[in-house]
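Sequences listed follow chains C and S, in order. For what it's worth, the UniProt record's numbering labels the leading residue of the first sequence as 1, then goes sequentially. For what it's worth, the UniProt record's numbering labels the leading residue of the second sequence as 1, then goes sequentially. We put the CB at the ideal spot given by N, CA and C, even for glycine. This report refers to the structure that appears directly beneath it.
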Amino acid sequence: MTGFPVYLVDGARTPFIKARGAPGPFTPVDLSVQCGRPLLTRQPFPREALDLVILGCVNVIADEMNPARVAALRLGLGAQTVSFTTQINCGSGMQSIDTAYRYIRDGSHDMILAGGAEALSHTPLVLREEAVEWYAGMGRAKGPVDMARQMTGLRPDFLKPVIGLERGLTDPITELNMGQTAEILAHRFGIDRTTADTYAMESHHRLAKAQSEGWLDGEVEPAFDDDGHTHETDDGVRPDSDLASLAKLKPAFEKPYGKVTPGNASQITDGASWTILASEAAVERHGLTPLARIVDSEWAALDPAIMGLGPVMSSTPIARRHGLSADDVDLWEINEAFAAQVLACLAAWEDADFCREILDLDGAFGRIDRDRLNIDGGAISLGHPVGTSGNRIVLHLANALRRTGGRRGIATECIGGGQGGAMLLEAVT
Amino acid sequence: MTGPVLSYLGETRLELGPLDGVEPTGNWRVATDAAGITWLGLDKAGSGTNTISEDVLRELADHVERIETKRPRAVVIRSTKSSGFAAGADIGGFSDLEAGGAEELLRQGHDVLDRIERLPCPTVAVIHGQALGGGFELALACDRRILITGGAVGFPEVRLGLHPGLGGTFRLTGLIDPTEAMSLMLTGKTAHAGKARKLGIVDVVTEERHVAAAVETFAQGDAPDRATGWKARAMNLKQGRQLAARQMRSKTAKQAPQDHFPAPHALIDLWEEYGDDPNAMQKAEIASFARLLEGDTAQNLIRVFFLNQSLKAAGRGDSGISRVHVTGAGPMGRDIAAWAAIKGHHVTLGDVDASALGAAVKSSRRTCEGAHLSPAQTRDALDRLMPDPRGYGVPRADLVIEAGPEDPDLKAKIHADLVARMKPNAILASNTSSLGLASLADALPSPQRFAGLHFFNPVPKMQLVEVVSHDRTDADVTDRLAAFCGTLGKLPARVRDYPGFLVNRALTPYLMEAMMLVDEGVDKETVDGAAIRFGMPMGPVTLADQIGLDICLHVAESLRANLDKPMAEIPGWLREKVDKGETGRKAGKGFYDWSQGTPEPGDAPEGPADLTDRLILPILDACVECLRRDVATDEDQVDGAMIFATGFAPFRGGPMHYARTRGTGEVKARLEALAEAHGNRFAPDDGWSSID
Numbered sequence: 001m002t003g004f005p006v007y008l009v010d011g012a013r014t015p016f017i018k019a020r021g022a023p024g025p026f027t028p029v030d031l032s033v034q035c036g037r038p039l040l041t042r043q044p045f046p047r048e049a050l051d052l053v054i055l056g057c058v059n060v061i062a063d064e065m066n067p068a069r070v071a072a073l074r075l076g077l078g079a080q081t082v083s084f085t086t087q088i089n090c091g092s093g094m095q096s097i098d099t100a101y102r103y104i105r106d107g108s109h110d111m112i113l114a115g116g117a118e119a120l121s122h123t124p125l126v127l128r129e130e131a132v133e134w135y136a137g138m139g140r141a142k143g144p145v146d147m148a149r150q151m152t153g154l155r156p157d158f159l160k161p162v163i164g165l166e167r168g169l170t171d172p173i174t175e176l177n178m179g180q181t182a183e184i185l186a187h188r189f190g191i192d193r194t195t196a197d198t199y200a201m202e203s204h205h206r207l208a209k210a211q212s213e214g215w216l217d218g219e220v221e222p223a224f225d226d227d228g229h230t231h232e233t234d235d236g237v238r239p240d241s242d243l244a245s246l247a248k249l250k251p252a253f254e255k256p257y258g259k260v261t262p263g264n265a266s267q268i269t270d271g272a273s274w275t276i277l278a279s280e281a282a283v284e285r286h287g288l289t290p291l292a293r294i295v296d297s298e299w300a301a302l303d304p305a306i307m308g309l310g311p312v313m314s315s316t317p318i319a320r321r322h323g324l325s326a327d328d329v330d331l332w333e334i335n336e337a338f339a340a341q342v343l344a345c346l347a348a349w350e351d352a353d354f355c356r357e358i359l360d361l362d363g364a365f366g367r368i369d370r371d372r373l374n375i376d377g378g379a380i381s382l383g384h385p386v387g388t389s390g391n392r393i394v395l396h397l398a399n400a401l402r403r404t405g406g407r408r409g410i411a412t413e414c415i416g417g418g419q420g421g422a423m424l425l426e427a428v429t
Numbered sequence: 001m002t003g004p005v006l007s008y009l010g011e012t013r014l015e016l017g018p019l020d021g022v023e024p025t026g027n028w029r030v031a032t033d034a035a036g037i038t039w040l041g042l043d044k045a046g047s048g049t050n051t052i053s054e055d056v057l058r059e060l061a062d063h064v065e066r067i068e069t070k071r072p073r074a075v076v077i078r079s080t081k082s083s084g085f086a087a088g089a090d091i092g093g094f095s096d097l098e099a100g101g102a103e104e105l106l107r108q109g110h111d112v113l114d115r116i117e118r119l120p121c122p123t124v125a126v127i128h129g130q131a132l133g134g135g136f137e138l139a140l141a142c143d144r145r146i147l148i149t150g151g152a153v154g155f156p157e158v159r160l161g162l163h164p165g166l167g168g169t170f171r172l173t174g175l176i177d178p179t180e181a182m183s184l185m186l187t188g189k190t191a192h193a194g195k196a197r198k199l200g201i202v203d204v205v206t207e208e209r210h211v212a213a214a215v216e217t218f219a220q221g222d223a224p225d226r227a228t229g230w231k232a233r234a235m236n237l238k239q240g241r242q243l244a245a246r247q248m249r250s251k252t253a254k255q256a257p258q259d260h261f262p263a264p265h266a267l268i269d270l271w272e273e274y275g276d277d278p279n280a281m282q283k284a285e286i287a288s289f290a291r292l293l294e295g296d297t298a299q300n301l302i303r304v305f306f307l308n309q310s311l312k313a314a315g316r317g318d319s320g321i322s323r324v325h326v327t328g329a330g331p332m333g334r335d336i337a338a339w340a341a342i343k344g345h346h347v348t349l350g351d352v353d354a355s356a357l358g359a360a361v362k363s364s365r366r367t368c369e370g371a372h373l374s375p376a377q378t379r380d381a382l383d384r385l386m387p388d389p390r391g392y393g394v395p396r397a398d399l400v401i402e403a404g405p406e407d408p409d410l411k412a413k414i415h416a417d418l419v420a421r422m423k424p425n426a427i428l429a430s431n432t433s434s435l436g437l438a439s440l441a442d443a444l445p446s447p448q449r450f451a452g453l454h455f456f457n458p459v460p461k462m463q464l465v466e467v468v469s470h471d472r473t474d475a476d477v478t479d480r481l482a483a484f485c486g487t488l489g490k491l492p493a494r495v496r497d498y499p500g501f502l503v504n505r506a507l508t509p510y511l512m513e514a515m516m517l518v519d520e521g522v523d524k525e526t527v528d529g530a531a532i533r534f535g536m537p538m539g540p541v542t543l544a545d546q547i548g549l550d551i552c553l554h555v556a557e558s559l560r561a562n563l564d565k566p567m568a569e570i571p572g573w574l575r576e577k578v579d580k581g582e583t584g585r586k587a588g589k590g591f592y593d594w595s596q597g598t599p600e601p602g603d604a605p606e607g608p609a610d611l612t613d614r615l616i617l618p619i620l621d622a623c624v625e626c627l628r629r630d631v632a633t634d635e636d637q638v639d640g641a642m643i644f645a646t647g648f649a650p651f652r653g654g655p656m657h658y659a660r661t662r663g664t665g666e667v668k669a670r671l672e673a674l675a676e677a678h679g680n681r682f683a684p685d686d687g688w689s690s691i692d
């Protein structure tokens, strides 16, 4: 890759807060402010040194159009800081980093705040199309007779809203729910229920260990809500998760035979994450210590019905470009949308025919050991605030490389709608 | 957080019509536009704020005379200063009027306003910011009032021991529902845009950008229809007014007893007697105002106004402080942090206990609501207040305020951790109320950048902050801290390190004497009643409960240990009470039961004859001691500090002023007599002999 080097110098996220059936304490921008404040406060540079703000967010709420701009102003970045929001569904938080990376690489920017924010618990209730038309008709009605005529069109089901989240997690082209796409992959790559559940259990155990070891300190900053509650850690983790209790859960998407359950799928949570990207000049000017260098990035697309293979489609070209085998990558963060989906990706990479036909490799890409994959847990244990996850996995990969002394890492995610995103990081020594 | 573009354009631009670019002659700028509308712009010479002075009125009379002959299509009166319409009468001017001078001056002012009211063309007052007192009365003489969003009107005269004197009493009661008008004048509260519109005080509330269009509408329109509702008609009958006046009197007596605060009672008399006859009410208003102005209450409250001004002046200047770190999220720390954030500072609040930080966010939101912030302002203030369990704010802060527990060893440890991480020029200030600063300073590598910043509880309400220097504090540091208090809208009192500093040194003997009296068997209600009759906002027993008996005990013990003066014995049962957890308001129980809210001491038997002196004179004696020891600068500073930190009977002008009014010789003699009767703790300070 030509261009200026780009460094990830720091980052922080909120604890991921499980959605509990009612709107949570924070909106997407609130979450961005909660983790953005401590992150910016601990920097040695003033806020004005940031020349752009990019925030990934899928479910923007009505009070916060262009949440990047609202967050930047609430973070005190000043009226003259350009801020925009990116959206590529589950890859939005990585798209913000990728956009920042490209700007700095091209030399147009020096230091960019790139994040992701999502409050799935705030996903709005959506009115049925017919109900919207009826309301519009009422608005247009002239005089009481017309109004009365309109009134007769009111049907009881107009008042029964559709949950927006359900619609958001359904692919409109194939009309498949995301969980159903994971069921398809489980079937095609032979992932059984026990293997998926085992993967899920480990995710919880790994996160619990990372939390108790203090490996997430500084990466996770506590959030404080207006009602006086302090949210210190990801609250969806179940440290005592075991196979017996996971086995009891019923399939969530394809009853009664499906393999994807609430236990081996990612959790619905609220959370935000920021990273700071800087040029070499900015690193020197402000005396920063980079966590990692961003080396390359890639986006790929495939059939929406098998969107879960997005990591395979987007990561492999990066590996090829840099002549890396599966073993050359010390740490992998593959976003855990579904256990079956992550395991299907691993299986695809081990499948020589698939790799030859689809990835243009000479044979199987290779095996990715579990001790190099999602080493501190993932979306199954801590949740998947869609616009945030891509940002979180890049940030965590950088922190994990530093902790383990690894040299190279890839963070990658599948994206609803049939896409994938990947990013290659290198430790700075 | 205004950006450069809006800073260049200016957030607002006053609509000045033809006055744009017109130089003032005297205190007014005058011009007539192409449409034949004459604009009178008030621009008081040599001042950032308009006041209604003798000169302003005399020049206005000349301009009105010309308007009477030239007959413009309409007249607009507004301020051309961005600071607002007018802050009221020139208090400096009328406080030193000779007897009888006031009445003559008032008559001239009334004459001008009457002539504005009689002008045949429409007259429009445009009010931005505040129109208070005399300024409001000028606006009331116009046919129409346009209020700019965010503006307010009001009659704060009662706070100076007066009532409106330039026609406000009969014009406002004639314009709107008279009971509402009386309520505004009796409480001294300002009516903000929404309320002013609802009450009918202003005709329209709009933005500065629509002023020209609004003026044109009123210039074309008819004179306003001052329709009077059924309630106003009922008040035209004397019986109606008598009934209403009785209610007003009983309500007023609770807040402001007639003996101490004659003005509101005089206002009620005025309206009850003349409420249906504007001419008679005008005459009576002038006479009553002049009478009040000569009285002790008004003179003392005007003094308090100037004490406030001079303390405020001590808080001017550039603090160089924008980022503040407060360490310790207890009740004081979190309130200081919240208040600083409300006032625009970026604040980090540190505490080892993350859940205490959560509680601080909740309480800060209540503080914002209590300060009448809008939801967006509350959001912004809370965004500026960052709970900081890891102390990220310490190396960025220009000022670190330590509000930890009152334990010298613990404080020393906290200070050491902080200074190791603070940036080179940052100031460390302790909010201690009972520990000596000099010994805390001994442990620090840079004692010159360490001082006391002593806030009073409740922080949002109490105006005074003691800026305490020890023998090594840099003068620049106290200057910056005083200026920081100014940015918080607080009044800084610069005092020197001394046990209890100034305020607690003076207040503690009063609280402890109350404990002694209770110990002697006097009812707590009797003790509190005597203090309230003297003019204190609450009795000492209630106050001790409110401060917290544990804190009172701590301060009292510390004073007993550190002062070389005899102090009242601390009754053993007080310690037992604290040990039992009955620490006052915060515990729900102290001397009083606070579980149902603030207790109201009922009627109680009269106490001993020397009860009031036993409570009050020790305050005076401690003030004299603080002056003798140069803890405080001068008597005015002492009076201001005691009034704005403790609410010391303001109509008495402060403890030193009270001592002088009673006669310092007499006070000293009383102290000697009390020492004879009750013990050495009353023995007058040596300082009495050096003040005369």
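- Note that the C-beta distance between residue 14 (chain S) and residue 160 (chain S) is not below 8 Å.
- The secondary-structure analysis by DSSP pairs residue 274 (chain C) across a beta bridge with C:12 and C:115.
- Inclusion of residue 430 (chain S) and residue 402 (chain S) in the CB contact set at 8 Å is warranted, their separation being smaller than that value.
- For residue 289 (chain C), the closest Cβ of chain S is not nearer than 8 Å.
- A distance below 6 Å between beta-carbons, with the five flanking residues on each side excluded, links residue 241 (chain S) to the following residues of its chain, in chain order: 235, 272 and 275.
- Against residue 230 (chain C), the close residues of chain S are 354, 355, 357 and 358, in the order they occur along the chain (beta-carbon pairs closer than 7 Å).
- Only those residues of the segment 78 to 93 of chain C whose C-beta falls short of 8 Å from the nearest C-beta of chain S are listed: 78, 79 and 80.
- Taking a C-beta cut-off of 7 Å against chain S, the contacting residues of the segment 32 to 57 of chain C are 33, 37, 38, 41 and 42, listed in chain order.
- For residue 226 (chain C), the closest Cβ of chain S is nearer than 8 Å.
- Distance from the Cα of residue 46 (chain C) is smallest, within the candidate group C:317, C:78 and C:118, for C:78.
- Residue 417 (chain C) and residue 406 (chain C) have their alpha carbons spaced roughly 33 Å apart.
- The beta carbons of residue 398 (chain C) and residue 265 (chain C) sit no closer together than 8 Å.
- Boundaries of the alpha helix (DSSP H) around residue 6 (chain S): 4 to 9.
- Counted as a single uninterrupted DSSP element, the beta strand (DSSP E) harbouring residue 74 (chain S) occupies residues 74 to 79.
- In this structure, DSSP gives residue 559 (chain S) a helical state, which the three-state scheme calls helix.
- For residue 413 (chain C) against residue 91 (chain C), the beta-carbon gap comes to about 6 Å, under 8 Å, which counts as contact.
- Secondary structure note for residue 47 (chain S): it is in no alpha helix (DSSP H), with a DSSP letter that is neither H nor E.
- Put simply, of C:261, C:17 and C:236 the residue whose alpha carbon is nearest the alpha carbon of residue 248 (chain C) is C:261.
- Bridge pairing for residue 130 (chain S): S:152 [DSSP].
- Between residue 522 (chain S) and residue 550 (chain S), the beta carbon gap of about 23 Å keeps them out of contact (Cβ cut-off 8 Å).
- Cβ atoms of residue 642 (chain S) and residue 503 (chain S) come within 8 Å of each other, at about 7 Å.
- Taking each of C:349, C:211, C:216 and C:55 in turn and checking the Cα distance to residue 396 (chain C), the smallest one comes out for C:216.
- Using a 10 angstroms sphere on the CB of residue 151 (chain C), the tally of other CB atoms stays under 16, which defines it as exposed.
- For residue 26 (chain S), no beta strand (DSSP E) segment is defined, and its DSSP state is neither H nor E.
- Closest by C-alpha distance to residue 95 (chain C), out of C:38, C:386, C:427 and C:428, is C:386.
- Using a Cβ-Cβ distance cut-off of 8 Å, the segment 378 to 394 of chain S and the segment 293 to 312 of chain S are not in contact, since fewer than three pairs of beta carbons, one from each stretch, lie closer than that value.
- Around the beta carbon of residue 389 (chain S), 16 or more other beta carbons lie within 10 angstroms, which makes this residue buried.
- For residue 422 (chain S), the three-state secondary structure derived from DSSP is coil.
- Pairing residue 393 (chain S) with residue 323 (chain S) gives a Cβ-Cβ distance under 8 Å.
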